[in-house]
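Colleague: The sequence shown lines up with residues 1 to 156 when you count with the numbering used here.
Ideal Cβ positions, reconstructed from N, Cα and C, are used throughout, including at glycine.
This one's a predicted model, so the numbers in the text were calculated from it and none came from an experiment.
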Amino acid sequence: MSTFDTVLGRLSEEGPDAAPSGPASWSGIRGFNSSFVGVGSGPQAWRSSEPFAAAYADHAGEALELPHASGTVVPPPTPQFDAARFKRLSAEEIATDIDVLASDTAADLQRKRRAFARLNHPDRTPAEWRDAATTRMKIANQLIDEALRQAACRQA
Numbered sequence: 001m002s003t004f005d006t007v008l009g010r011l012s013e014e015g016p017d018a019a020p021s022g023p024a025s026w027s028g029i030r031g032f033n034s035s036f037v038g039v040g041s042g043p044q045a046w047r048s049s050e051p052f053a054a055a056y057a058d059h060a061g062e063a064l065e066l067p068h069a070s071g072t073v074v075p076p077p078t079p080q081f082d083a084a085r086f087k088r089l090s091a092e093e094i095a096t097d098i099d100v101l102a103s104d105t106a107a108d109l110q111r112k113r114r115a116f117a118r119l120n121h122p123d124r125t126p127a128e129w130r131d132a133a134t135t136r137m138k139i140a141n142q143l144i145d146e147a148l149r150q151a152a153c154r155q156a
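In structure tokens, the structure reads:
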């Protein structure tokens, strides 16, 4: 008799209303005794989120809407929007904005792509400038892709 047949036989003997055997207080993976909740962390640990919001703002450039210790919600800082940037739609102007150099490595080019996207991505711009942002991103991606191909040819 296979293991599958044994399990089916035991389930048919127990019936649909049978209580599970063993302790019901814990259901998890046997031998996996770790937890995602820190020992000793209670509700007091979440009183102030200011240090976390400040650290996030320092490293990611944006803050979340987190409750202040007083209970008020602190809105994230609004990024400076420069509409003049989205009027620059020629390939030459965008190449100047990206500042692609012949000596750039692949890592430098990817870093410049992310920096450009952080400022120009259509999802981060007001609705009236999204078409211009899309055009800027398309041209920038084409320019950086071409620079990456040239960098690969120089290394080969």
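Grab the span of the alpha helix (DSSP H) containing T134 for me, first residue to last.
Modeller: Here residue 134 is taken as the residue at index 134 of the sequence shown, counted from 1. Residues 130-155.
Colleague: Under a Cβ-count criterion, where at least 16 other Cβ atoms within 10 Å of its own Cβ denotes burial, should F86 be classed as buried or exposed?
Modeller: Within the sequence shown, the letter at position 86 stands for residue 86. Burial call: buried.
Colleague: The alpha helix (DSSP H) spanning A106 covers which residue range?
Modeller: Working through the sequence shown from its first residue, we reach residue 106 at position 106. Where A106 is concerned, the enclosing alpha helix (DSSP H) stretches over 106-120.
Colleague: With DSSP run on the structure shown, which of helix, strand or coil describes S2?
Modeller: Stepping through the sequence shown from its first residue, residue 2 is reached at position 2. Three-state DSSP puts S2 in coil, outside helix and strand.
Colleague: Find out if the Cβ-Cβ distance for the pair F81, I98 is shorter than 7 Å.
Modeller: Numbered from 1 along the sequence shown, position 81 holds the residue referred to as residue 81. Numbered from 1 along the sequence shown, position 98 holds the residue referred to as residue 98. Going by C-beta atoms, F81 is not nearer than 7 Å to I98.
Colleague: Hey, is R124's beta-carbon within less than 7 Å of any beta-carbon in chain C?
Modeller: No chain C is part of this structure, which consists of one protein chain only.
Colleague: Can you check which of these residues, A84, D108, K112, is closest to A140 by C-alpha distance?
Modeller: Here residue 140 refers to the residue found at position 140 when the sequence shown is read from its first residue. The option with the nearest alpha carbon to A140 is K112.
Colleague: With a cut-off of 8 Å, do at least 3 Cβ pairs link the segment 147-154 to the segment 115-130?
Modeller: no
Colleague: On the CB-based measure, 16 or more other CB atoms within 10 Å of its CB, does T125 come out buried or exposed?
Modeller: For the purposes of this step, residue 125 is taken as residue 125 along the sequence shown, with counting starting at 1. Buried, by the Cβ-count rule.
Colleague: Rounded to the nearest angstrom, what separates Q155 and L109 at their Cα positions?
Modeller: In the sequence shown, counting from the first residue as 1, residue 155 sits at position 155. In the sequence shown, counting from the first residue as 1, residue 109 sits at position 109. Between the C-alpha atoms of Q155 and L109 there is a straight-line separation of about 15 Å.
Colleague: Using only alpha-carbon positions, find the residue among E14, A106, K138, S2 that is nearest to I94.
Modeller: The count along the sequence shown starts at 1 and reaches residue 94 at position 94. Of the candidates E14, A106, K138, S2, the one whose C-alpha sits nearest the C-alpha of I94 is K138.
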